[in-house]
Amino acid sequence: MANWPWKRAINPHYEEVKAESDAWVHSLNLFTPKSQRAFDKGDFCRVAALVYPRLGKEHLRTGCDMMNLYFVLDEYTDVEDSKACRATANIVLNAFSNPQKQRPDGENPVGEMTRQFWNLTMKTASPMWQRRFVTGFAQYLDSLVAEAADREHQKIRSVEAFLQCRRINVGAPTIYLPLILASDLPEEVLYHPVIIELTGYINDMVIIDNDMCSYNREQATGHGDFNLVTVTMHEFHLTVNEAMNWAVDYHSKLQGKFLDGLKKVPSWGPEMDKQVADYLSDLGNCPRGNLCWNFESGRYFGDKGAEVERTRCVPLLPKLENDMTLRRAEVSVPMVELQS
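Per this note's numbering, the very first residue in the sequence shown carries number 1005; after that it's consecutive.
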């Protein structure tokens, strides 16, 4: 992304909101101490601060808590079959529907996490935004169940079928919604064909960057089959490096399509056009912010992120011993440590 017009920017409220959001996550007792340390290395508040650099403090808190919820669900459902994953999804949806209701004793703790997240979010989000978010999150949960079913049957999808699921699985129905917490663009704008097309290009760029950077961790932990690099290797009979080059080429084409597509955005009048321009600019920043987080956090490259960003060389991790039978708060979150 050397020529991408959007440069790195981070929200000025990052440190303060990160402290609040991280303290909230820790209070929920979602992991063992060892797994919590590994989870914390991901610094999911940083990805929120990088992809939402213009949000105010309250709305950034929504973004940080949302990212933490996403990645807790990722860890919890990665070890579940489709039936158990559907049960987890139902608990989350029930918590969205009943945010004032105390969760049952002994329930999967993601229920209480969702309930608390939603209670705080509702204080600063409009009813329309809330409806959009819950609808989109339900789609995301369905994609987790589909991923679990693939894992059960050791299924590797075609590139096209993978992208159809991954576009939801990466969080597309909700991940861009914090960008409009303060503006709440109307339906006719947000769901205009040109805006949907532009959002799709950005989303595919985020998928490519994420899957290229996460491939090493996922192949080492036994979750590599649901990854663009793997499905590309499988469908086109490529090596890892060849699949990476394929992804880079596709990414480059998407960048061009997005920039060209900006010229096709219709007008809704001066006032709305300014809001749309701000939204599309924030959207254009998302791949940059996501890519920066991939290297700045310890999620995929441990403490070697800056070195990997500079050299673009990644030693392939050996298969990690990871107990896939552990569930919920006992789930094992692997720590990535690259050798020099």
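The C-beta atom is built at its ideal place from N, Cα and C for all residues, glycine as well.
- According to the DSSP assignment, residue 1184 belongs to no alpha helix (DSSP H), since it is labelled neither H nor E.
- Taking each of 1199, 1119, 1044, 1013 in turn and checking the Cα distance to residue 1099, the smallest one comes out for 1119.
- Rounded to the nearest angstrom, the gap between the Cα atoms of residue 1146 and residue 1101 is 17 Å.
- In the DSSP annotation of this structure, residue 1305 is not part of any alpha helix (DSSP H), being labelled neither H nor E.
- Remark: fewer than three beta-carbon pairs, one from each stretch, lie closer than 8 Å, so the segment 1106-1114 and the segment 1162-1181 are not flagged as touching.
- Using a C-beta cut-off of 8 Å, the segment 1193-1201 makes no contact with the segment 1310-1324, since fewer than three inter-stretch Cβ pairs fall below that distance.
- For residue 1094, the enclosing alpha helix (DSSP H) begins and ends at 1086-1101.
- Per DSSP, residue 1269 lies in no alpha helix (DSSP H) and is assigned neither H nor E.
- Taking a C-beta distance under 7 Å as the contact criterion, residue 1290 and residue 1029 do not qualify as a contact pair.
- Residue 1175 sits in coil when the DSSP states are folded into three classes, being neither helix nor strand.
- The Cβ-Cβ distance between residue 1068 and residue 1052 falls below 7 Å.
- Contact between residue 1222 and residue 1231 is confirmed by a C-beta separation of about 5 Å, below the 8 Å threshold.
- In this structure, residue 1034 sits near residue 1076, with a CB-CB distance shorter than 7 Å.
- A direct Cα-to-Cα measurement between residue 1088 and residue 1007 gives close to 44 Å.
- Within the same chain, Cβ atoms closer than 7 Å to the Cβ of residue 1025 are found at 1049, 1065, 1068, 1069, 1072, the five residues on either side in sequence being excluded.
- Here the C-alpha atom of residue 1334 lies approximately 6 Å from the C-alpha atom of residue 1036.
- If you draw a straight line from the Cα of residue 1228 to the Cα of residue 1080, it is about 16 Å long.
- Residue environment analysis places residue 1249 among the exposed positions, since fewer than 16 neighbouring C-beta atoms fall within 10 angstroms of its C-beta.
- DSSP places residue 1214 inside the alpha helix (DSSP H), whose first and last residues are 1197-1225.
- Excluding five sequence positions before and after residue 1277, the CB atoms of its chain that fall closer than 8 Å to its own CB belong to 1271, given in chain order.
- In the three-state reduction of the DSSP assignment, residue 1248 falls in the helix class, which pools H, G and I.
- Across the set 1268, 1218, 1168, 1212, the C-alpha of 1212 shows the shortest separation from the C-alpha of residue 1258.
- With respect to the C-alpha of residue 1299, the residue from 1246, 1217, 1130, 1329 having the closest C-alpha is 1217.
- Contact check for residue 1086 against residue 1153 passes: the beta carbons are separated by less than 7 Å.
- The three-state reading of DSSP puts residue 1135 in helix, counting H, G and I together.
- With a beta-carbon spacing of about 6 Å, residue 1092 and residue 1114 fall inside the 8 Å limit used to define contacts.
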